[in-house]
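Undergrad:
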Amino acid sequence: MGWIGLGIVAASGCSKDTGGDGGGGAGASPTTTSTTSSTTHSTTSTTDSGGGGGTGPQGGSGGVGGGQPCTPVGVGPYVDVMTEEGGSNLIYDITGLDPASEDVLFIEFYDVAGFQTAGSFDLSQAPDDQYKTCAHCLVAYENFNDASPPAFFQASGTLHVTMPDITYSGVTAGSFENVKLIEVTIDDSVSTPIPGGRCLLLNGSWDHTGGG
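Going by this note's numbering, the residue at position 147 of the sequence shown is 173; the numbering climbs one at a time, nothing skipped.
Next up, the structure:
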């Protein structure tokens, strides 16, 4: 699956795949490869905060480790939505970081675990603990217009979905409860925590049920 469009998105060099055999990408890339059914993701970026994580396609994101406190962040204005068969991707600005930089949050849903449903989802549990396999995926990018923007992927916390994106059209709503995003690298859709990396603590909500 490839995410196209948006000047800021094209700069990230990221892509997420939704192929029949699995494979998908996380956020933004000028390339698109789509089929039907299952999903996996594909990106190239940087950053995570903790102990070493699983690096295989089925591995979890691994231990997060102690250290510095996470930077509190929230959800800013809506930026864009991108959709394709079996996946959708909402993009929002992030608040709480350097206001002079282009920091964005990708809220991604994929058909890797059956139909999307309303409910509360523990993001530390499979399949959502690894970018390559996640059905509910949160990826934040700092300085998104840079050639290799630092990337942060979920390590813990709860995603509450009140309006599931059952048609993968980007019509969805929900909230984040103490979601810890750790700095990772994402290579061939596999997210790997960066030892000693930074982390963000995300709270807030999104609502894209009325077109914005």
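Built from N, CA and C at the ideal position, the CB exists for glycine as well.
Predicted model, so just to flag it, every value in this text is computed and none were measured.
Apply the 10 Å Cβ neighbour rule to P95 and answer buried if 16 or more other Cβ atoms are within range, or exposed otherwise.
TA: Locating residue 95 in the sequence shown gives position 69, counting from the first residue. By the neighbour-count rule (16 or more Cβ atoms within 10 Å), P95 is not buried but exposed.
Undergrad: Quick one: what's got a C-beta closer than 6 Å to P190's C-beta in the same chain, skipping five residues either side?
TA: Taking the sequence shown and counting its residues from 1, one reaches residue 190 at position 164. Contacts found: Q142, T143, A144.
Undergrad: Report yes if the CB atom of F135 is closer than 8 Å to the CB atom of S114, and no otherwise.
TA: Locating residue 135 in the sequence shown gives position 109, counting from the first residue. Locating residue 114 in the sequence shown gives position 88, counting from the first residue. Against a cut-off of 8 Å, the Cβ pair of S114 and F135 comes out as a contact.
Undergrad: Leaving out five residues on either side along the sequence, give the residues of the same chain with a beta carbon under 8 Å from the beta carbon of Y118.
TA: Here residue 118 is taken as the residue at index 92 of the sequence shown, counted from 1. Closer than 8 Å at Cβ, skipping near neighbours: V101, G102, P103, Y104, V105, V130, L131, I133, W232.
Undergrad: Could you pull out every residue in the same chain whose Cβ sits closer than 7 Å to the Cβ of P153, ignoring the five residues on either side in sequence?
TA: To locate residue 153, count along the sequence shown from 1; it is residue 127. Hits under 7 Å: V138, A139, T159, C160, A161.
Undergrad: With a threshold of 16 other CB atoms inside 10 Å of the CB of A126, please say whether the residue is buried or exposed.
TA: Your numbering for residue 126 matches position 100 in the sequence shown. A126 is exposed by the Cβ-count criterion.
Undergrad: Applying the 10 Å Cβ sphere with the 16-neighbour rule, what's the burial state of S195?
TA: In the sequence shown, residue 195 corresponds to position 169, counting from 1. Burial call: exposed.
Undergrad: Taking the beta strand (DSSP E) that T184 belongs to, which residues open and close that run?
TA: As a first step, residue 184 must be located in the sequence shown, where it is residue number 158. Run containing T184: 177 to 189, per the beta strand (DSSP E) assignment.
Undergrad: Please classify D124: is it buried, with 16 or more other beta-carbons within 10 angstroms of its beta-carbon, or exposed?
TA: Taking the sequence shown and counting its residues from 1, one reaches residue 124 at position 98. Classification of D124: exposed, given that the 10 Å Cβ count is below 16.
Undergrad: Just the Cα atoms here: how many angstroms apart are V3 and G236?
TA: The structure shown does not extend to residue 3, since the chain is modelled only from 27 to 238, so the question has no answer here.
Undergrad: Mark A173 as exposed unless 16 or more other C-beta atoms lie within 10 angstroms of its C-beta, in which case mark it buried.
TA: Numbered from its first residue, the sequence shown carries residue 173 at position 147. It counts as exposed.
Undergrad: Tell me whether A199 sits in a helix, a strand or coil according to DSSP, three-state version.
TA: As a working mapping, residue 199 is identified with position 173 in the sequence shown. Looking at A199 - three-state DSSP - the assignment turns out to be strand.
Undergrad: Could you compute how far the alpha carbon of R224 sits from the alpha carbon of F178?
TA: Here residue 224 refers to the residue found at position 198 when the sequence shown is read from its first residue. Here residue 178 refers to the residue found at position 152 when the sequence shown is read from its first residue. Computed Cα separation, rounded: 8 Å.
Undergrad: Starting from V165, trace the beta strand (DSSP E) in both directions and tell me its first and last residue.
TA: Taking the first residue of the sequence shown as position 1, residue 165 is located at position 139. Note, V165: beta strand (DSSP E), 162 to 167.
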